[in-house]
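Colleague: Protein chains in written order, with the working numbering: chain U, 3 to 368; chain G, 3 to 368. The beta carbon of each residue, even a glycine, is placed where N, CA and C say it ideally should be. Note that this is a predicted model, so its numbers are computed, not measured. Sending over a structure as structure tokens; questions will come in a sec.
2 protein chains.
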Amino acid sequence: MTKRAISIATVAAEAGVGVGTVSRVLNGSDQVSEATLKRVLSTIERLDYRPLRSASSLSKGRTDAVGILVSVITRPSVMARLVGVIDVLSDAGLDAVVFNVENRAQLDRHLSSIIDQRRVDGIISISLRIPKERIARIRKLSIPLVLVDNSLPNLPCVYIDDVEGGKMATEHLLSLGHRRIGFIGDNARSDLGMSASENRYAGYLMALEAAGIEPDFDLVARGPHSSEAAAVLASALFELRKRRPTAIFASSDTLAVGVIKAAQQHRHKIPDDLAVIGFDNLEVSSILDISTVNQPLLESGIKGASKMVSLLNGEIAKPHREQLVLDVVPRGSSLGIQGNIPTKLYGVVEGPHGLQILQGGEELVS
Amino acid sequence: MTKRAISIATVAAEAGVGVGTVSRVLNGSDQVSEATLKRVLSTIERLDYRPLRSASSLSKGRTDAVGILVSVITRPSVMARLVGVIDVLSDAGLDAVVFNVENRAQLDRHLSSIIDQRRVDGIISISLRIPKERIARIRKLSIPLVLVDNSLPNLPCVYIDDVEGGKMATEHLLSLGHRRIGFIGDNARSDLGMSASENRYAGYLMALEAAGIEPDFDLVARGPHSSEAAAVLASALFELRKRRPTAIFASSDTLAVGVIKAAQQHRHKIPDDLAVIGFDNLEVSSILDISTVNQPLLESGIKGASKMVSLLNGEIAKPHREQLVLDVVPRGSSLGIQGNIPTKLYGVVEGPHGLQILQGGEELVS
DNA sequence: TCCCAATTCGGAACCGGTTCCATGGCATGA
DNA sequence: TCATGCCATGGAACCGGTTCCGAATTGGGA
């Protein structure tokens, strides 16, 4: 309706060169003489010309965008990974197209639209299991696929050993002398294949067995992934009275928060009456002084996206499959040492309108 | 390298029709006879053909993608809005391209690349102020722009009245008899223009003035947006001994968590020694029984994205500028009523391997 | 039986870049 | 001086869809 947007032809005409030359300038070819380069660049500048993305996508045969499949995105752990992924892609000049997946049907719909329409150059899957037949199809089209927080043979992925993590958490409680250790985890969701909680449960069982303790399934409870649900489940475990657990391993910090809240309601002192350990080392566990198993969340996203960038550059992702390390972070909820608030580098100063902590003390990522 | 992907020409040849006809079938034109329609459809099915996104983008002149600019994405409040946006866009068949913005330079870089290369059809900005000159440019190119958690004249936006919210929170504390009310908020960040905390502070001052209370700037503190920082600041306020606040308004729930933690460390009973109210009504405030001001986070994303969908369909976004309502959610941290854990619909049942809360009781969004 | 309008359809032109090939100019070496 | 070769360059062909125009077919009415 208004005047037509300037195209590469306009620039070429204006600069008195051919379209090929302008294209070469845009793509930084060295086949252009100094003088022409300068002239074309100044024309581009003067006309404020930018090549149209979809046109270059069409002829180049790639989109410079990466699709990110994310399970229930609201979980803080998932989010941390996502942030890592987005930041790396953005630095590499790639668009991050995010697809939120909440059930199997959505997963299928998104996958087929992504794959078949080639709207992205690669796919990163976060905390999600992709069905076998889809993987085969992706392979056949040779679209790079990277798994984050998941592992499959022959595919580049970044993952942790959830079984080992569950074992570590349980061993921590065992080492403190606990024998009746409860487990609170997520409902198994076979549709999306988020198996972290169940794997941690497996580790829990292994640790108990190694310690010669018969597992008591009355101390095991599962529910939706929310603090509220965990609190309800913990309350149910407390109803066992004498037979109640002296310690609980919650398969994520979000659940651990609920457990602690329930314990407070029931007037159980932490950690004397009930020790608690969570998983993930979310910010909330630090401030609430909850023991946990640390896993590098942000890092998993960063490493996963880096692999994708390598693959798109035709390189081979250096460590093809990468397992990140876990470590127990003991805090007040199991040790009972009154941990002080971590002041880190924070320095409180007198500001213009009250007290102030100056920025930069903040844990900035990049 | 391998056999060339099938194109619309292949389908046309195979079905014995012209490319135009195939295109009409793809786009649901009614200018196609029943018989041809069926034949083309079956050919498409047989060849498993899908039109290439970038090709159709080029000729249609649109990308069917929306750019989402997000401030520091890690904040739960921002995340909730983002989820709302993504879900609505996804339902409308639009790609969500997410850009994480952590400083002014990034904002500029992303904006120019988005706008100039026309890689998206519209832009949604979440909790972010777009510089005036950029807005002008976006307007000139007539690219739809929707603001979420921000408001500017003549632009479609979804927002709340932060000043009013700050007033409501403070009035809640005043109504409980508190006179020495502290404020803990974020550092002002002029670069990204996230002014929510400062606006809530303005409301705090207004409420105090309306109650005839002289503001005491010794009770005001600002720092980075984290629980840890808030805990440190709250501790500093407690050092005032006799002059210390009897209540604190934290400009977000994340900060309120830190305040409560600090109070516990200092052996201040909540709410008797110290009442606390936050802002946002995050999940954590519910489980920790923290009073707060509820704002519809998910809804803001949903409404913002809906406006975008309307705009892209050439319609006019119905309520052009939409202000969402706030309401105080009084909980234990100010009222002191021992709120029980909200059990909602949760029913605990005996599962195959321990107790279980069946899914569906979970607060599913869509 | 003939004419006109409506319906359906084929295919060229086009969207705006990229790439490859042919060309012309210049320098170098014999 | 001429042959050789390299480098810079113009421009056609192409990427894979969409759209529009003109043609062919059909049906109905006179």
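Given a threshold of 16 other Cβ atoms within 10 Å of its Cβ, counted over all protein chains shown, does phenylalanine 219/G qualify as buried or as exposed?
Modeller: By one-based count along the second sequence, residue 219/G stands at place 217. Label assigned to phenylalanine 219/G: exposed.
Colleague: In the DSSP assignment, what residue or residues form a beta bridge with leucine 149/U?
Modeller: Within the first sequence, numbered from 1, the residue matching residue 149/U stands at position 147. Paired residues: Ser127/U, Cys159/U.
Colleague: Which two residues bound the contiguous beta strand (DSSP E) that contains glycine 306/G?
Modeller: Translated into the one-based positions of the second sequence, residue 306/G becomes position 304. Where glycine 306/G is concerned, there is no enclosing beta strand (DSSP E), although the alpha helix (DSSP H) it sits in stretches over 299-314.
Colleague: Could you tell me the distance, in whole angstroms, from the CA atom of leucine 147/G to the CA atom of proline 53/U?
Modeller: For the purposes of this step, residue 147/G is identified with residue 145 of the second sequence, where counting begins at 1. For the purposes of this step, residue 53/U is identified with residue 51 of the first sequence, where counting begins at 1. Between leucine 147/G and proline 53/U, the C-alpha separation is close to 22 angstroms.
Colleague: Rounded to whole angstroms, what's the CA-CA distance from isoleucine 137/G to alanine 7/U? Just pull it up for me.
Modeller: Numbered from 1 along the second sequence, position 135 holds the residue referred to as residue 137/G. Numbered from 1 along the first sequence, position 5 holds the residue referred to as residue 7/U. Distance between the alpha carbons of isoleucine 137/G and alanine 7/U: 19 angstroms.
Colleague: So is leucine 138/G in contact with chain U if we call contact Cβ pairs under 7 angstroms?
Modeller: Counting from 1 along the second sequence, the entry for residue 138/G is found at position 136. The sequence shown places alanine at residue 138/G, not leucine. With 7 angstroms as the cut-off, alanine 138/G does not count as an interface residue toward chain U.
Colleague: From alanine 264/G to glutamate 104/G, what does the alpha carbon distance come to, in whole angstroms?
Modeller: The residue given as residue 264/G occupies position 262 in the second sequence. The residue given as residue 104/G occupies position 102 in the second sequence. Roughly 29 angstroms between the two C-alpha positions.
Colleague: Under the assumption that valine 24/U contacts valine 42/U (Cβ atoms under 8 angstroms), give the Cβ distance between them as a whole number of angstroms.
Modeller: The residue you call residue 24/U lines up with position 22 of the first sequence. The residue you call residue 42/U lines up with position 40 of the first sequence. Going by Cβ atoms, the distance from valine 24/U to valine 42/U rounds to 6 angstroms, so yes, they are a contact pair.
Colleague: Within the present structure, is the beta-carbon of alanine 212/U separated from the nearest heavy atom of the ligand MN by less than 6 angstroms?
Modeller: The model depicted lacks the ligand MN and carries no ligand whatsoever.
Colleague: Name the residues in the region 87-101 of chain G whose C-beta lies less than 9 angstroms from a C-beta of chain U; which are they?
Modeller: Taking 9 angstroms as the Cβ-Cβ cut-off against chain U, the residues of the region 87-101 of chain G that qualify are Ile88, Asp89, Ser92, Gly95, Asp97, Ala98, Val99, Val100, Phe101.
Colleague: Give the interface partners of arginine 269/U over in chain G, defined as CB-CB distance under 9 angstroms, in chain order.
Modeller: Against the first sequence, residue 269/U aligns to sequence position 267. The premise fails here: arginine 269/U is roughly 11 angstroms from chain G at the closest Cβ pair, so nothing lies under 9 angstroms.
Colleague: Compute the Euclidean distance between the alpha carbons of histidine 174/U and lysine 271/G, then round it to the nearest angstrom.
Modeller: As a working note, residue 174/U is residue 172 in the first sequence. As a working note, residue 271/G is residue 269 in the second sequence. For histidine 174/U and lysine 271/G, the distance between alpha carbons rounds to 32 angstroms.
Colleague: So that I know if they touch, is there some Cβ in chain G lying closer than 7 angstroms to that of phenylalanine 2/U?
Modeller: With chain U represented from 3 up to 368, any question about residue 2/U goes unanswered, as that position is not in the structure.
Colleague: Spatial neighbours of serine 197/G within its chain, please: CB distance less than 8 angstroms, with the 5 preceding and 5 following residues excluded, ordered by chain position.
Modeller: Within the second sequence, the letter at position 195 stands for residue 197/G. Arg131, Asp164, Ala190.
Colleague: Which residues share a DSSP beta bridge with isoleucine 279/G?
Modeller: On the second sequence, position 277 is the one that residue 279/G refers to. Phe251/G, Ser293/G.
Colleague: Using a Cβ-Cβ cutoff of less than 6 angstroms, which residues in the same chain neighbour asparagine 296/U once the five nearest sequence positions on both sides are dropped?
Modeller: To locate residue 296/U, count along the first sequence from 1; it is residue 294. Excluding positions up to five away in sequence, the list reads Asn283, Asp329, Val331.
Colleague: So, is leucine 84/U buried or exposed, given that buried needs 16 or more other C-beta atoms within 10 angstroms?
Modeller: Reading the first sequence from its first residue, position 82 is the one you call residue 84/U. Buried: at least 16 other Cβ atoms inside 10 Å.
Colleague: Could you compute how far the alpha carbon of alanine 238/U sits from the alpha carbon of valine 350/G?
Modeller: As a working mapping, residue 238/U is identified with position 236 in the first sequence. As a working mapping, residue 350/G is identified with position 348 in the second sequence. C-alpha separation (whole angstroms): 8 angstroms.
Colleague: Taking only runs that begin and end inside the region 157-240 of chain U, name each unbroken beta strand (DSSP E) of 3 or more residues, in chain order.
Modeller: You should have 159-161, 183-188, 222-225.
Colleague: Helix, strand or coil for glycine 356/U? Go by DSSP, reduced to three states.
Modeller: Residue mapping note: residue 356/U aligns to position 354 of the first sequence, counting from 1. Residue state, collapsed to three classes: strand.
Colleague: With three or more C-beta pairs closer than 8 angstroms as the rule, is the region 245-261 of chain U touching the region 307-321 of chain U?
Modeller: Touching, no, given that fewer than three Cβ pairs across the two stretches are closer than 8 angstroms.
Colleague: Taking Cβ to Cβ, would you say valine 222/G is nearer than 7 angstroms to histidine 355/U?
Modeller: Locating residue 222/G in the second sequence gives position 220, counting from the first residue. Locating residue 355/U in the first sequence gives position 353, counting from the first residue. A contact, by the Cβ cut-off of 7 angstroms.
Colleague: Out of Pro273/G, Ser229/G, Glu16/G, Gly30/G, which one is the CA nearest neighbour of serine 288/U?
Modeller: The residue labelled residue 288/U in the question sits at position 286 within the first sequence. Comparing Cα positions, the closest option is Ser229/G.
Colleague: Are the C-beta of isoleucine 183/U and some C-beta of chain G separated by less than 7 angstroms?
Modeller: Stepping through the first sequence from its first residue, residue 183/U is reached at position 181. Closer than 7 angstroms: no.
Colleague: Report yes or no: is there a C-beta of chain G within less than 7 angstroms of the C-beta of asparagine 189/U?
Modeller: As a working mapping, residue 189/U is identified with position 187 in the first sequence. For asparagine 189/U, the answer is yes, since a Cβ of chain G falls inside 7 angstroms of its Cβ.
Colleague: Helix or strand or just coil, what does DSSP make of valine 327/G?
Modeller: Position 325 of the second sequence holds residue 327/G. Of the three classes helix, strand and coil, the one that applies to valine 327/G here is coil, per DSSP.
Colleague: Would phenylalanine 281/U pass as an interface residue toward chain G - the criterion being a Cβ-Cβ separation below 7 angstroms?
Modeller: In the first sequence, the residue the question calls residue 281/U occupies position 279. So no, phenylalanine 281/U is outside the interface.
Colleague: In whole angstroms, what separates the C-alpha of serine 127/U from that of leucine 207/U?
Modeller: On the first sequence, position 125 is the one that residue 127/U refers to. On the first sequence, position 205 is the one that residue 207/U refers to. Each residue's Cα considered, the two are about 29 angstroms apart.
Colleague: For valine 68/G, tell me which candidate among Ser308/G, Asp123/G, Ile359/G, Thr256/G has the shortest Cα-Cα distance.
Modeller: Walking along the second sequence from the start, residue 68/G turns up at place 66. Comparing Cα-Cα distances from valine 68/G to each of Ser308/G, Asp123/G, Ile359/G, Thr256/G, the minimum goes to Asp123/G.
Colleague: Please report how far the alpha carbon of serine 254/U lies from the alpha carbon of phenylalanine 185/U, in whole angstroms.
Modeller: As a working mapping, residue 254/U is identified with position 252 in the first sequence. As a working mapping, residue 185/U is identified with position 183 in the first sequence. Roughly 11 angstroms between the two C-alpha positions.
Colleague: Would you verify that the beta carbon of histidine 355/G is, or is not, closer than 7 angstroms to some beta carbon of chain U?
Modeller: Taking the first residue of the second sequence as 1, we reach residue 355/G at position 353. Interface residue, yes.
Colleague: Between Gly260/G, Leu276/G, Cys159/G, which has its C-alpha nearest glycine 179/G's C-alpha?
Modeller: As a working mapping, residue 179/G is identified with position 177 in the second sequence. Nearest of Gly260/G, Leu276/G, Cys159/G to glycine 179/G, Cα basis: Leu276/G.
Colleague: Can you check which of these residues, Gln266/U, Ile292/U, Glu285/U, His268/U, is closest to valine 278/U by C-alpha distance?
Modeller: Locating residue 278/U in the first sequence gives position 276, counting from the first residue. With distances taken between Cα atoms, valine 278/U lies closest to Ile292/U.
Colleague: Please go through the same chain and pick out, in chain order, the residues whose beta-carbon is closer than 7 angstroms to the beta-carbon of arginine 26/G, but skip the five residues on each side of it.
Modeller: As a first step, residue 26/G is located in the second sequence; it is residue number 24 there, counting from the start. So the qualifying residues of the chain are Gln33, Val34.
Colleague: Does any residue of chain U bring its CB to less than 7 angstroms from the CB of alanine 57/G?
Modeller: On the second sequence, position 55 is the one that residue 57/G refers to. For alanine 57/G, the answer is yes, since a Cβ of chain U falls inside 7 angstroms of its Cβ.
Colleague: Scan the region 231-260 of chain G for residues whose Cβ lies nearer than 8 angstroms to a Cβ of chain U and list them as they occur along the chain.
Modeller: Listed by position along the chain: Ala231, Ala233, Val234, Leu235, Ser237, Ala238, Leu239, Val259, Gly260.
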